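Asks: The structure under discussion is supplied below as structure tokens; questions concerning it will follow.
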Amino acid sequence: MGRGKGTLALLLVSAGAAPSFADPIEDKAAICSACHGENGIPNDKAIPIIWGQNEGYIYIELRDMKKGARKNDQMAPIVENLERDDMMALAAYFAAKPWPNLDQPRAAPADANHFAVMANSGQCGACHQSGFKGAGTQPRLAGQTYEYLLKTMLDFRSGARANNDWMTSLLKTFSEDDIKQMARVLAGL
Amino acid sequence: MLKKLGLAVACIGAIGLFASYGAADEKPEVNKKEIKPAMLFGDMSLVTQDLLNRAGDDGNNFLHTNGNYLQTRYYPARQINVSNVSRLRPAWIFQTDVIDSLETSPIVVNGTMYVTTSFDHVFALNARTGEEIWAYRHKMGPITTYCCGPNNRGVAVYGDMVYLATLDSKLVALDAKTGEVKWTKEIADPEKGYSETMAPTAVKGMILIGTNGGEYGIRGFVKAFDAKTGDLKWTFYTIPEDTKGVWATTDATGRDMHRDIEAEKAAYQKLGPDLYQKLGGGVWQNPAVDLETNRIYFVVGNPSPDLDGSIRPGDNLYTDSLVSLDLDTGKYICHFQYIAHDVWDLDAVSPTIITQVADKDGKMIKGVLHAGKTGHVYVHDAKDCSLIRYSEAMVPQENMWVLPTKDGARMLPGANGGVEWSPMAIDPHAGLAYAINLHQPMTYHVESTKYPDGKLWLGGAFKVIPTEEQWGNITAVNYNTGKIQWQVKTQQPMIGGILATAGGLVFAGEGNGHFKAYDSQTGSALWDFQAGAGVNAPPSSYTVEGKQYIVVGAGGNTQIDYKRGNSIIAFSLPD
Numbered sequence: 000m001g002r003g004k005g006t007l008a009l010l011l012v013s014a015g016a017a018p019s020f021a022d023p024i025e026d027k028a029a030i031c032s033a034c035h036g037e038n039g040i041p042n043d044k045a046i047p048i049i050w051g052q053n054e055g056y057i058y059i060e061l062r063d064m065k066k067g068a069r070k071n072d073q074m075a076p077i078v079e080n081l082e083r084d085d086m087m088a089l090a091a092y093f094a095a096k097p098w099p100n101l102d103q104p105r106a107a108p109a110d111a112n113h114f115a116v117m118a119n120s121g122q123c124g125a126c127h128q129s130g131f132k133g134a135g136t137q138p139r140l141a142g143q144t145y146e147y148l149l150k151t152m153l154d155f156r157s158g159a160r161a162n163n164d165w166m167t168s169l170l171k172t173f174s175e176d177d178i179k180q181m182a183r184v185l186a187g188l
Numbered sequence: 000m001l002k003k004l005g006l007a008v009a010c011i012g013a014i015g016l017f018a019s020y021g022a023a024d025e026k027p028e029v030n031k032k033e034i035k036p037a038m039l040f041g042d043m044s045l046v047t048q049d050l051l052n053r054a055g056d057d058g059n060n061f062l063h064t065n066g067n068y069l070q071t072r073y074y075p076a077r078q079i080n081v082s083n084v085s086r087l088r089p090a091w092i093f094q095t096d097v098i099d100s101l102e103t104s105p106i107v108v109n110g111t112m113y114v115t116t117s118f119d120h121v122f123a124l125n126a127r128t129g130e131e132i133w134a135y136r137h138k139m140g141p142i143t144t145y146c147c148g149p150n151n152r153g154v155a156v157y158g159d160m161v162y163l164a165t166l167d168s169k170l171v172a173l174d175a176k177t178g179e180v181k182w183t184k185e186i187a188d189p190e191k192g193y194s195e196t197m198a199p200t201a202v203k204g205m206i207l208i209g210t211n212g213g214e215y216g217i218r219g220f221v222k223a224f225d226a227k228t229g230d231l232k233w234t235f236y237t238i239p240e241d242t243k244g245v246w247a248t249t250d251a252t253g254r255d256m257h258r259d260i261e262a263e264k265a266a267y268q269k270l271g272p273d274l275y276q277k278l279g280g281g282v283w284q285n286p287a288v289d290l291e292t293n294r295i296y297f298v299v300g301n302p303s304p305d306l307d308g309s310i311r312p313g314d315n316l317y318t319d320s321l322v323s324l325d326l327d328t329g330k331y332i333c334h335f336q337y338i339a340h341d342v343w344d345l346d347a348v349s350p351t352i353i354t355q356v357a358d359k360d361g362k363m364i365k366g367v368l369h370a371g372k373t374g375h376v377y378v379h380d381a382k383d384c385s386l387i388r389y390s391e392a393m394v395p396q397e398n399m400w401v402l403p404t405k406d407g408a409r410m411l412p413g414a415n416g417g418v419e420w421s422p423m424a425i426d427p428h429a430g431l432a433y434a435i436n437l438h439q440p441m442t443y444h445v446e447s448t449k450y451p452d453g454k455l456w457l458g459g460a461f462k463v464i465p466t467e468e469q470w471g472n473i474t475a476v477n478y479n480t481g482k483i484q485w486q487v488k489t490q491q492p493m494i495g496g497i498l499a500t501a502g503g504l505v506f507a508g509e510g511n512g513h514f515k516a517y518d519s520q521t522g523s524a525l526w527d528f529q530a531g532a533g534v535n536a537p538p539s540s541y542t543v544e545g546k547q548y549i550v551v552g553a554g555g556n557t558q559i560d561y562k563r564g565n566s567i568i569a570f571s572l573p574d
């Protein structure tokens, strides 16, 4: 994928034009690369890594954004004309890519130990699984950008991210400092 | 990858021989008699109905997830027994290529073992050597919705086929000799929250399967598929259209559940007609099968959403219940609800056991046992599902039944139990049931939320209290009296299952990697092996060429987050 396609896609999105999805999957995916990164590293750290993310999770998020259950102004025009098959194809495409290593710093042992206590308390591993890599419709958290993890958890906590109420209820039981620490540890995995 | 014995011992290291049981070479008379191979039944090239029927007396094979149709997990071979178990050592270790939760019950047919892994792979092994015969690696669909780990609890065997249910809610029939897929059927739509972790049950030409999804707003069921063709034969919905029940104010033990019945009745007028479609009621574990009466008995899990009762008024039938059906038709016969309108997820998960029990007058009748997350063993009359008695609590119970609050209400047991999905075993001669328990204090938080389109729907949160101690125990309950006979505390909450044998032993593993044998009458620890990863799977036993084996998976556990591994370890006595 060349930079030109990404730039074009960004322009289309910025202009509010509905993108066409009659193109082969790589062309469709090029729109995504404008923000999520041509090499899998997002251009803005508050934008999530989707390369190597779990297929079912990517699909569910696209589905929820189209339904309006997950609000995102940037994504809204992108998903507007996506059909289920498009979403599934995009999910499969990005899931097959390698997860990029952002080389974020590993947490200090004391932070990691505190995180382990918090994760046990919240039973985080029951969904996010071994190594916090998720599977199926459960997202990988390990190595995700710190900024996105923090924003997402705080958005869940405030209810701004409203497509998983369980996360809202759970994260309300943690302090903001706890959440920052969780984001740091998860980013460094 | 197959590890030779010497390497395996060097890597993992068997430990702990207990001197109190005397010289290992001494064998009591009863054991000498039993060292000969157990009886063979039927044509061993096929798993016949007759072979399955006789599994309870079959000391060669291990044919059902819970040992036999009655689900006693009482293995009749006694070559390995209280006098020699201290000499038990690994015979072989098979390592799967999936390092994650192992909840499989190894099934053994005439020297071939079938085990499953997380993400639904199946391995056929030589049960004597651990050598791989074939492997089936399930190609998982993209949509899987499951709450508690990518688990699979094993296969069912019938005829020349092996049956597996998968996280993407498919029933897969494999050729038992090659692992080739014979057919695949969708059980339900995974995008709506349905998934499978239980092993199927094979009986009378049918494959029975329940469903997970009580955390996802499903409508639970048990389905029967034709074993040859995969055609659906019947469906029993665990949630009837009329779910209100009898407006019970107390649980099975008579404790007040603090329901506002008048408010619920008013809400039911409005919400009642549509409740059944998303009320949960998963069936996590196998039914016990009574071929004398042609009935099955199973337990139904929690209502959806778990913690928020405000949007599901009524008793939420048949959630948190024992249910009995006609085997041929799937028609309802009777039920008993433990907790009406559950808002704690203290539901019914551990599989049922059929055995003779003393009724209230002391007369022996056919009964059904179930171990609850509440920490009680419940004893029922098999005829009408009614409750005869419940055991002393096996774990601390505090503040029951305080209602969940926005900020969290502390109540014991925590939402994992008591007894989780872990199967019990019994010694029918001693009248003892063996259960493994968790003590994991939690706070229960409620927050009303709308149905999230097949995603996790708890209506609040459970939170383990980080400052409180967690532990587990193994408890032997006299089910004819309800009294606890013995109890052994473990370092960590217990999840996985237990096996009892005619050798006077029970075997159970722990999250810290210990796999132990206990005297089934006293609870004395007789043997201990460190497996290197959590042993959180139900053990099995079998005999090949006159040698009895105990086998168990050591893969850790996702739900409680115990160290993952990938080993199937078979143990036997030295030659």
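Those sequence lines, one after another, are chains A and B. Heads up: the first sequence begins at 0 in numbering that gives the first Met the number 0, then just goes up one per residue. Heads up: the second sequence begins at 0 in numbering that gives the first Met the number 0, then just goes up one per residue. Idealized CB from N, CA, C, for every residue including glycine. Quick caveat, the model's predicted, so the values are computed rather than measured.
#1: How would you list, in chain order, the residues of chain B whose beta-carbon sits under 8 Å from the beta-carbon of A/L116?
#2: Buried or exposed: where does B/D99 fall if 16 or more other Cβ atoms within 10 Å of its Cβ makes it buried?
#3: What first and last residue would you give for the beta strand (DSSP E) that runs through B/P89?
#4: Using CA coordinates, which residue listed in B/D518, B/P304, B/Y561 is at the minimum distance from B/S85?
#5: In whole angstroms, what is the alpha-carbon distance linking B/W400 and B/H257?
#6: With a cut-off of 7 Å, does the C-beta of B/G459 fall near any C-beta of chain A?
#7: Since B/T103 contacts B/G552 with CB under 8 Å, what's their CB separation in whole angstroms?
#8: Hey, quick one: how far does the beta strand (DSSP E) through B/E131 stretch, first residue to last?
#9: Give me the residue from B/T373, B/D57, B/A54 with the minimum Cα distance to B/D250.
#10: Using a Cβ cut-off of 7 Å (strictly closer), state whether B/N30 contacts chain A.
#11: Put B/K515 into one of helix, strand or coil per three-state DSSP.
#12: According to DSSP, A/A134 sits in a beta bridge with which residue or residues?
#13: Is DSSP giving B/W182 helix, strand or coil here?
#14: Which of the three DSSP states is assigned to B/E397 in this structure?
#15: Using a Cβ-Cβ cut-off of less than 9 Å, list which residues of the region 130-151 of chain B approach chain A; keep chain order.
#16: Thinking C-alpha only, which one of B/S566, B/I295, B/P573, B/T318 is nearest B/V348?
#17: Please name the residue in A/V116, A/L101, A/D102 whose C-alpha comes closest to that of A/P108.
#18: So, does the CB of B/D560 fall closer than 7 Å to a CB anywhere in chain A?
#19: Determine the closest residue to B/G366 out of B/T71, B/K232, B/W526, B/D49, with distance taken between C-alpha atoms.
#20: Beta-carbon within less than 7 Å of B/A23's beta-carbon, same chain only, minus the 5 sequence neighbours each way: which residues are those?
#21: Starting from the beta carbon of A/Q180, find every residue of chain B whose beta carbon is closer than 7 Å, and list them in chain order.
#22: Using CA atoms only, rank isn't needed, just tell me which of B/I387, B/N65, B/H428, B/G371 is closest to B/A357.
#23: Going by DSSP in three states, A/F173 sits in which element: helix, strand or coil?
#24: For B/Y389, tell me which candidate among B/K382, B/N398, B/E397, B/V378 has the shortest Cα-Cα distance.
#25: Among all the DSSP beta bridges, which residues are the ones paired with B/D426?
#26: Look at B/T354 and B/P427 and say whether their C-beta atoms are less than 7 Å apart.
#27: Could you please tell me which residues of the region 118-130 of chain A, in chain order, have their CB closer than 8 Å to any CB of chain B?
#28: Assuming contact is defined by CB atoms lying nearer than 7 Å, are B/D341 and A/G124 in contact in what I supplied?
#29: Distance check for B/T116 and B/N109, CA to CA, integer angstroms please.
#30: My output table needs one value for A/T167: the three-state DSSP class, helix, strand or coil.
#31: The beta strand (DSSP E) with B/L124 in it runs from where to where?
#32: At 8 Å on the CB atoms, spell out the chain A contacts of B/G407, in chain order.
#33: Taking a contact to mean a Cβ-Cβ separation below 7 Å, would you say B/M363 touches B/W283 in this structure?
#34: In terms of residue numbering, what span does the beta strand (DSSP E) encompassing B/R409 cover?
#35: State yes or no: is the beta carbon of A/L169 nearer than 7 Å to at least one beta carbon in chain B?
#36: With 16 as the cutoff for other CB atoms within 10 Å, does B/K31 come out buried or exposed?
Replies: Straight from the coordinates:
#1: Strictly speaking, residue 116 of chain A in this sequence is Val, with Leu absent from that position. Here the neighbours are P465.
#2: buried
#3: 88-94
#4: B/D518
#5: 7 Å
#6: yes
#7: 5 Å
#8: 131-135
#9: B/T373
#10: Residue placement at B/N30 cannot be trusted, given a pLDDT of 42 that sits under 50; what the coordinates show is reported in the next sentence. No, B/N30 lies away from the interface with chain A (no Cβ there is under 7 Å from its Cβ).
#11: strand
#12: A/Q137
#13: strand
#14: strand
#15: M139, G140, P141, I142, T143, T144, Y145, C146, C147, G148, P149
#16: B/T318
#17: A/V116
#18: yes
#19: B/T71
#20: The pLDDT assigned to B/A23 is 37, lower than 50, so where the model puts this residue is not dependable, and the model offers no usable value.
#21: Going along chain B, no residue has its Cβ under 7 Å from A/Q180, so there is no contact; the nearest lies around 14 Å.
#22: B/I387
#23: coil
#24: B/V378
#25: B/L431
#26: yes
#27: A118, N119, S120, G121, Q122, G124, A125, C126, Q128, S129
#28: no
#29: 21 Å
#30: helix
#31: 121-125
#32: T172
#33: no
#34: 408-410
#35: yes
#36: Confidence is the limiting factor: at B/K31 the pLDDT is only 40, short of 50, which leaves the residue's position unreliable and the question unanswerable from this model.
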